[in-house]
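J.:
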Amino acid sequence: MAGSQRYFRYILFAVLALVVIFFISASSGVGPGQGYTQKASDLLKGQGSLYQGSGSNSVPAGGAPDAGQDSKVGSGSGSNGDANPTLDSDVKSAAAPQHTDPSSLPPSTNPHDTTSPNPNAPSLHAGQTPPLGQKAPGPRMNATFVTLARNSDVWEISRSIRQVEDRFNHAYNYDWVFLNDADFDDTFIKVTTALTSGKTRYGKIASEHWGFPSFIDQEKARKVREDMHERKIIYGDSVSYRHMCRYESGFFFRHPIMLEYEWYWRVEPSIELFCDVSYDPFKFMADNKKKYSFVLSLYEYVETIPTLWDSVKGFMKAHPEHIVADNSLAFLSDDGGESYNHCHFWSNFEVGNLDWLRSKAYVDYFDHLDRDGGFFYERWGDAPVHSIAAGLMLKKEEIHFFNDIAYYHVPFTHCPTGEQVRLDNKCHCNPKNNFDWNGYSCTKRFFEVNKLPLPEGYEKEQ
Ligand SMILES: Nc1nc2c(ncn2[C@@H]2O[C@H](COP(=O)(O)OP(=O)(O)O)[C@@H](O)[C@H]2O)c(=O)[nH]1
Ligand SMILES: [Mg+2]
């Protein structure tokens, strides 16, 4: 009896030892984003459902919730026609949104801390993207990809999705929201659902968000389109392009489906991603208190926005309370705000914070611009509209340049500066095509305004 008790004690001891070894190895395992994961999981304790409060019961300004094909659920998970669906269980485990409160993080004092790639952050070591089929460890943000598209864009958006999935999302499985002013057809839904690893959702845009507001003089708008057509201004005669720009400027973040999220990554048809994204950009944004980001910047085509800055000045006068002290006015203007230098972040790529776009400051700004009519009497693009907002209403350090996200949208390429970054991230872009240090880019100005050190090796890539 004494002998069998001894054996029992040995076995108990061995089991305990195994449990201890398991916990030690689990907590010291090396994986992408490991440092962040540890820190964030502490922060996440007790905050799991905060994101639900980000407006999911609201309706968009100006009316009833959007009608249409909300929430067709992809990834073979069946479909759900509710306007505010609950996540089904297998999707939930893959993409369970969680909320990190960035304000609880200590402020950074080192400029490198908030650059990407960050040479001081061991957790962001490149080249560690999990192999296809393997999930990245750690929490997920309450985030989604978002694409505005027509049914005819299906094959072009498929190319984009495939690249985003292969380079990043296969390991993270974030949701993907598709928005359209018409009903999505079966082919679009079938093909895009098959390509994405997270949940897909399809929303129809409310007609009041995609049309002429009542205060627009149709005759005046028509004459402008004719004139722009004569002057061969790109998309100058297009009504739908104007609706698109206005929608991206003022409404996509208020679509009922988008109200459920805190972060978005905008993806357009026919883009390319040339490098692995070996960490979670949403989490990077949250952890570093970023609200808006870009990969390419350039000068806007002046003919499309002749009076945009006048309208912005009107807004600044009417709402001085929305202009933050430590802003990026110097990125937008060379004369202290008298005139616009036309620099803007190219908004076909954006990773940003939806709560900021839904803030009173941004909505007041959009409403002011909208009333001035330039979306129809000129051809204001959402890129300068977003950029000016970010430049005036965000603190400098809340805007982020992702050097390590390599990107192409016709006709410009952002290929990361620095050979090691490109090798680590398995990039296939030619650094000679990088637009950043070209005279038509505003990226160098962004670095100057923010007093950031230029990325290593930029001189060789000018
Ligand atoms: N649903 C819908 N999407 C549109 C329409 N026009 C453009 N888009 C989308 O809006 C985004 C910008 O349009 P795009 O043609 O790429 O403009 P560009 O990048 O400025 O040349 C893309 O995601 C398009 O798919 C439209 O009339 N309806
Ligand atoms: Mg495009």
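FYI, the numbering for the sequence shown is -29 to -1, 1 to 433, going by mature numbering (1 follows the signal peptide of the UniProt record, and there is no 0).
Yeah, the Cβ is synthetic: ideal placement off N, Cα and C, and Gly gets one too.
Note that this is a predicted model, so its numbers are computed, not measured.
Kindly examine ligand 2 and report whether one of its heavy atoms sits closer than 7 Å to the Cβ of residue 385.
T.: Numbered from its first residue, the sequence shown carries residue 385 at position 414. Here the distance from the Cβ of residue 385 to the nearest heavy atom of ligand 2 is not below 7 Å.
J.: Can you list, in chain order, the residues of its chain whose CB lies under 6 Å from that of residue 485, leaving out five sequence neighbours each side?
T.: Residue 485 lies beyond the stretch modelled for the chain, which goes from -29 to 433, so this question has no answer here.
J.: Whose C-alpha, out of 432, 145, 365, is nearest the C-alpha of residue 326?
T.: Indexing the sequence shown from 1 puts residue 326 at position 355. The option with the nearest alpha carbon to residue 326 is 365.
J.: So, under 8 Å CB-CB, residue 163 and residue 132 are touching, yes? Tell me the CB distance rounded to an integer number of Å.
T.: Within the sequence shown, residue 163 is the residue found at index 192, counting from 1. Within the sequence shown, residue 132 is the residue found at index 161, counting from 1. The pair is a contact, with the Cβ atoms about 6 Å apart (cut-off 8 Å).
J.: Just how far apart, CA to CA, sit residue 245 and residue 291?
T.: As a position in the sequence shown, residue 245 is number 274, starting the count at 1. As a position in the sequence shown, residue 291 is number 320, starting the count at 1. One C-alpha to the other measures close to 41 Å.
J.: What does a CB cutoff of less than 6 Å around residue 159 pick up in its chain, not counting 5 residues either side in sequence?
T.: Residue mapping note: residue 159 aligns to position 188 of the sequence shown, counting from 1. So the list reads 122, 125, once near-sequence residues are dropped.
J.: What alpha helix (DSSP H) runs, 4 residues minimum, are completely inside the stretch 273 to 360?
T.: 279 to 289, 300 to 303, 325 to 328, 331 to 343, 345 to 348
J.: Nearest to residue 416 by alpha carbon, out of 305, 281, 359, 105?
T.: Numbered from 1 along the sequence shown, position 445 holds the residue referred to as residue 416. Closest option to residue 416, Cα to Cα, is 305.
J.: Leaving aside the five residues before and after residue 363 along the sequence, list all residues of the same chain whose C-beta is less than 6 Å from its C-beta, in chain order.
T.: Numbered from 1 along the sequence shown, position 392 holds the residue referred to as residue 363. Cβ within range, chain order: 294, 298.
J.: With distance defined between alpha-carbon atoms, name the residue in 193, 208, 194 nearest to residue 200.
T.: Numbered from 1 along the sequence shown, position 229 holds the residue referred to as residue 200. Closest option to residue 200, Cα to Cα, is 208.
J.: Are the CB atoms of residue 377 and residue 494 within a distance shorter than 8 Å?
T.: No answer is possible for residue 494: the residues shown for the chain start at -29 and end at 433.
J.: Per DSSP, what kind of secondary structure is residue 128 in: helix, strand or coil?
T.: In the sequence shown, the residue the question calls residue 128 occupies position 157. Three-state result, residue 128: helix.
J.: Thinking C-beta only, is residue 202 closer than 8 Å to residue 274?
T.: As a first step, residue 274 is located in the sequence shown; it is residue number 303 there, counting from the start. As a first step, residue 202 is located in the sequence shown; it is residue number 231 there, counting from the start. Cβ distance < 8 Å, so residue 274 and residue 202 count as in contact.
J.: I'd like the list of long-range same chain contacts for residue 359, defined as Cβ closer than 7 Å, with 5 residues on each side in sequence excluded.
T.: As a working mapping, residue 359 is identified with position 388 in the sequence shown. For residue 359, where only same-chain residues beyond five positions count, the Cβ hits under 7 Å are 283, 303.
J.: Distance check for residue 393 and residue 272, CA to CA, integer angstroms please.
T.: Numbered from 1 along the sequence shown, position 301 holds the residue referred to as residue 272. Numbered from 1 along the sequence shown, position 422 holds the residue referred to as residue 393. Roughly 31 Å between the two C-alpha positions.
J.: Is the stretch 332 to 341 close to the stretch 385 to 403, with three or more CB pairs under 8 Å?
T.: no
J.: My output table needs one value for residue 160: the three-state DSSP class, helix, strand or coil.
T.: The count along the sequence shown starts at 1 and reaches residue 160 at position 189. Three-state DSSP puts residue 160 in a helix.
J.: At what residues does the beta strand (DSSP E) containing residue 225 begin and finish?
T.: Here residue 225 is taken as the residue at index 254 of the sequence shown, counted from 1. First-last for residue 225: undefined, no H or E at that position.
J.: Taking all protein chains shown into account, decide if residue 227 is buried (16 or more other Cβ within 10 angstroms of its Cβ) or exposed.
T.: By one-based count along the sequence shown, residue 227 stands at place 256. Label assigned to residue 227: buried.
J.: Taking a contact to mean a Cβ-Cβ separation below 8 Å, would you say residue 135 touches residue 149 in this structure?
T.: For the purposes of this step, residue 135 is identified with residue 164 of the sequence shown, where counting begins at 1. For the purposes of this step, residue 149 is identified with residue 178 of the sequence shown, where counting begins at 1. No, they are not a contact pair.
J.: Ends of the beta strand (DSSP E) at residue 371?
T.: Position 400 of the sequence shown, counting from 1, holds the residue named residue 371. Residue 371 -> beta strand (DSSP E) spans 370 to 372.
J.: Given a cut-off of 8 Å on the beta-carbon distance, is the pair residue 255 and residue 87 in contact?
T.: For the purposes of this step, residue 255 is taken as the residue at position 284 of the sequence shown. For the purposes of this step, residue 87 is taken as the residue at position 116 of the sequence shown. Yes.
J.: When DSSP labels each residue in this structure, what does residue 269 get in the three-state scheme?
T.: As a first step, residue 269 is located in the sequence shown; it is residue number 298 there, counting from the start. Strand at residue 269.
J.: Less than 8 Å separating the beta-carbons of residue 241 and residue 321?
T.: Translated into the one-based positions of the sequence shown, residue 241 becomes position 270. Translated into the one-based positions of the sequence shown, residue 321 becomes position 350. For residue 241 and residue 321, no; Cβs fall outside 8 Å.
J.: Would you mind giving the Cβ-Cβ distance between residue 269 and residue 412, rounded to the nearest angstrom? I have them listed as a contact below 8 Å.
T.: Residue 269 sits at position 298 when you count from the first residue of the sequence shown. Residue 412 sits at position 441 when you count from the first residue of the sequence shown. Sure, about 6 Å apart at Cβ, within 8 Å.
J.: Indicate whether residue 351 and residue 311 have their beta-carbon atoms separated by less than 8 Å.
T.: Taking the sequence shown and counting its residues from 1, the one referred to as residue 351 is at position 380. Taking the sequence shown and counting its residues from 1, the one referred to as residue 311 is at position 340. Not closer than 8 Å, so no.
J.: Which residues bound the alpha helix (DSSP H) around residue 221?
T.: Translated into positions along the sequence shown, residue 221 becomes position 250. Looking at the DSSP string, the run of the alpha helix (DSSP H) that includes residue 221 is 210 to 221.
J.: Please state the DSSP three-state secondary structure of residue 86.
T.: Counting from one through the sequence shown, the residue named residue 86 turns up at place 115. Residue 86 falls in the coil class under three-state DSSP.
J.: How would you call residue 380, buried or exposed, if buried means at least 16 neighbouring beta carbons within 10 angstroms?
T.: Numbered from 1 along the sequence shown, position 409 holds the residue referred to as residue 380. So residue 380 counts as buried.
J.: Could you tell me whether any non-hydrogen atom of ligand 2 is closer than 7 Å to the CB of residue 239?
T.: The sequence position of residue 239 within the sequence shown is 268, counting from 1. Yes, since a heavy atom of ligand 2 falls inside the 7 Å radius drawn around the Cβ of residue 239.
J.: Contact defined as beta carbons within less than 8 Å: I believe residue 189 pairs with residue 142. What is the distance between those atoms, to the nearest angstrom?
T.: Translated into the one-based positions of the sequence shown, residue 189 becomes position 218. Translated into the one-based positions of the sequence shown, residue 142 becomes position 171. Wrong, their Cβ atoms sit about 49 Å apart, outside the cutoff.
J.: Go to residue 406, then tell me how far its alpha helix (DSSP H) extends in each direction, as first and last residue.
T.: On the sequence shown, position 435 is the one that residue 406 refers to. Note, residue 406: premise wrong, no alpha helix (DSSP H); not H, not E.
J.: Does the beta carbon of residue 129 fall short of 7 Å from some heavy atom of ligand 1?
T.: To locate residue 129, count along the sequence shown from 1; it is residue 158. Residue 129 Cβ: outside cutoff for every heavy atom of ligand 1.
J.: For my contact list, residue 263 and residue 370 are in at a C-beta cut-off of 8 Å; report their separation, rounded to the angstrom.
T.: Walking along the sequence shown from the start, residue 263 turns up at place 292. Walking along the sequence shown from the start, residue 370 turns up at place 399. Right, the Cβ-Cβ distance comes to about 5 Å (below 8 Å), so this counts as a contact.
J.: Between the C-alpha atoms of residue 186 and residue 296, what's the straight-line distance to the nearest angstrom?
T.: Start at 1 with the first residue of the sequence shown, and residue 186 comes out as number 215. Start at 1 with the first residue of the sequence shown, and residue 296 comes out as number 325. Distance between the alpha carbons of residue 186 and residue 296: 34 Å.
J.: Taking the continuous beta strand (DSSP E) assigned at residue 118, which residues delimit it?
T.: Numbered from 1 along the sequence shown, position 147 holds the residue referred to as residue 118. Segment 114 to 119, the beta strand (DSSP E) holding residue 118.
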